[in-house]
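Colleague: Chains as they are written, first to last, in this note's numbering: chain A, -12 to 210; chain B, 50 to 317. Note that the Cβ used here is the ideal one computed from N, Cα and C, for glycine as well.
#1: Under a CB-based cut-off of 8 Å, is residue 99 (chain A) close to chain B?
#2: May I ask which residues mark the beginning and end of the alpha helix (DSSP H) holding residue 74 (chain A)?
#3: Give the secondary structure of residue 157 (chain B) by DSSP, where H, G and I count as helix, E and B as strand, and everything else as coil.
#4: Report yes if the CB atom of residue 86 (chain A) is closer than 8 Å to the CB atom of residue 16 (chain A), and no otherwise.
#5: Give the secondary structure of residue 262 (chain B) by DSSP, where H, G and I count as helix, E and B as strand, and everything else as coil.
#6: Check whether the Cβ atoms of residue 302 (chain B) and residue 235 (chain B) lie closer than 8 Å to each other.
#7: Considering only their Cβ atoms, is the gap separating residue 143 (chain A) from residue 13 (chain A) smaller than 8 Å?
#8: Which of the three DSSP states, helix, strand or coil, is assigned to residue 179 (chain B)?
#9: Would you grab the beta carbon distance between residue 74 (chain A) and residue 179 (chain A) for me? Rounded to a whole angstrom, and I think it's under 8 Å.
#10: Taking the alpha carbon of residue 98 (chain A) as the point to measure from, which residue in A:32, A:189 and A:176 has its own alpha carbon closest?
#11: Quick check: the Cα distance between residue -2 (chain A) and residue 10 (chain A), rounded to an integer number of angstroms?
#12: Between the alpha carbons of residue 138 (chain B) and residue 72 (chain B), how many angstroms are there, rounded?
#13: Counting beta carbon pairs with one atom in the segment 259 to 266 of chain B and one in the segment 85 to 96 of chain B, are three or more of them shorter than 8 Å?
#14: Give a yes or no on whether the C-beta atoms belonging to residue 136 (chain B) and residue 67 (chain B) are separated by under 8 Å.
#15: Classify residue 172 (chain A) as helix, strand or coil using the three-state DSSP reduction.
#16: Scan the segment 108 to 127 of chain A for residues whose Cβ lies nearer than 9 Å to a Cβ of chain B and list them as they occur along the chain.
#17: Quick check: is the beta carbon of residue 153 (chain B) nearer than 8 Å to any beta carbon in chain A?
#18: If we count Cβ pairs, one from each stretch, closer than 8 Å, do we get three or more for the segment 167 to 183 of chain B versus the segment 212 to 228 of chain B?
#19: CB residue 149 (chain A) to CB residue 72 (chain A), shorter than 8 Å?
#20: Taking any Cβ of chain A, which residues in the segment 114 to 138 of chain B have a Cβ under 8 Å from it, in chain order?
#21: Run down chain A in chain order and give the residues with a C-beta less than 9 Å from the C-beta of residue 150 (chain B).
#22: Of the residues B:131, B:210, B:75 and B:99, which one's Cα is nearest the Cα of residue 58 (chain B)?
#23: What ranges does the alpha helix (DSSP H) occupy inside the segment 91 to 159 of chain A, keeping only unbroken runs of at least 4 residues that lie completely in it?
#24: Any idea if residue 293 (chain B) is buried or exposed, counting beta-carbon neighbours within 10 angstroms, 16 or more meaning buried?
#25: Please tell me whether residue 309 (chain B) and residue 297 (chain B) are closer than 8 Å, where the distance is taken between their beta carbons.
#26: So for residue 50 (chain B), helix, strand or coil by DSSP?
#27: List the whole-angstrom C-beta distance separating residue 112 (chain B) from residue 145 (chain B), where the pair is believed to meet the contact cut-off of C-beta under 8 Å.
#28: Where do the N-terminal and C-terminal ends of the beta strand (DSSP E) with residue 130 (chain B) fall, by residue?
#29: Going by DSSP, what residue range makes up the beta strand (DSSP E) through residue 289 (chain B)?
#30: Under 8 Å, Cβ to Cβ, is there at least one residue of chain A near residue 316 (chain B)?
#31: Just verifying my parser: in three-state terms, what is the DSSP assignment at residue 196 (chain B)?
#32: Give, in chain order, every unbroken run of the alpha helix (DSSP H) that is at least 4 residues long and sits entirely within the segment 179 to 250 of chain B.
#33: For the candidate residues A:88, A:153, A:161 and A:109, whose alpha-carbon lies nearest to that of residue 139 (chain A)?
#34: Answer yes or no: does any C-beta atom of chain B fall closer than 8 Å to that of residue 57 (chain A)?
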């Protein structure tokens, strides 16, 4: 089988349209994950065992099972219990929850990365707990969380092809369909890989720069 | 109900009173029924071997740690406790929040906010806690930064400052709250030898020119001797001996004090 440029050119519009869906899926999934991760982290940190125990169990459970299994469960099994979700909704919620648990760990690590002495300084200055979080702890935790948050942004993006298995019309799904229609797989799958590459690489680079810029803005550099 | 601890201290009582204060970490008793009075404008140094409970005295007074027994009074009012039904009960966070600003603390490791400039470090609490306007808070902070010789560095982040400079900013930050009593917790222990002097000079001027009430935990025996109105030697959670610097350093009575002074003075 030889690479055919005219075929690649011909399917490009559909591939680009599907890229839009992939980006949408990654964006929505990430947004859910970022917010849900915060909720899960706070849930784990509350002193009330009735809340923090179940949340901890849920986080451990979701982190220890594969995303693909979770997707299949939510999309194929849940309907048998009367929970019928569209492929998009099921996909976004599942990815959001899955990566939300990872992000909750990132947040937790970041909060614990702020020295205990910062809390004590705030207490000695008589700050309220809310103000301590807002002005002192979170601004210092954010740069610590940023690399992990960035990794999972790229991670979610690269895991969106799993959504093809439940029928979300993203890149992989479109490449599958094109292959089935034309019996040519070389060009669609190569293009999928290439598109992922040209989006992932600059994103990762951009994130590095962001990390450096945030560190600079916070005065945490010595040069 | 505890009847040995009144709800209010009578007029003319000391600024700070530890009354039978006990603090335990698990099975370890770090403060053992401690009684200690600090008068207005008094400069008290606390010395003693490590593990003798001297830093804990400051930490429980700053309400960074809860005590297990006894009561601490500040300004005639109970701090660790609040009045309830004719007696005293442990303070709520809200009760503490209304009183904690009377106490300021400077830490061994400075604990400045690294994402804020020197000025911002000093402005936050007066604005947030005391409700000062930004102009008033900045004016107050600038005066204090000048006082500690850090006026020119007001826009620097802590990472750009030396240890001695950071500690001077930390002193200004605590002073900005106009506390009635300042707690200095081994403020020179983390510093390079060549910058210790600049921090001690600041404390000297606070003592001589501004007459602040201060409790200082220190390993700088020479400084404690020079500056203190009273020196307390702590041993195993108790005050083993206290007195004027001349008396405690010149003519210690307690065997433990003698041993300790012997050891530290030999070492330096």
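Modeller: Based on what the coordinates show:
#1: no
#2: 74 to 100
#3: coil
#4: yes
#5: strand
#6: no
#7: yes
#8: coil
#9: The pair is not a contact, with the Cβ atoms about 19 Å apart (cut-off 8 Å).
#10: A:32
#11: 18 Å
#12: 16 Å
#13: yes
#14: no
#15: coil
#16: 108, 109, 110, 111, 112, 113, 114, 115, 116, 118, 122, 123, 126 and 127
#17: yes
#18: yes
#19: no
#20: none
#21: 112 and 113
#22: B:131
#23: 103 to 111 and 125 to 146
#24: exposed
#25: no
#26: Summary for residue 50 (chain B): the model assigns pLDDT 44, below 50, so the residue's position carries little reliability, and this model does not support an answer.
#27: 5 Å
#28: 130 to 133
#29: 287 to 292
#30: no
#31: helix
#32: 183 to 196 and 212 to 224
#33: A:88
#34: no
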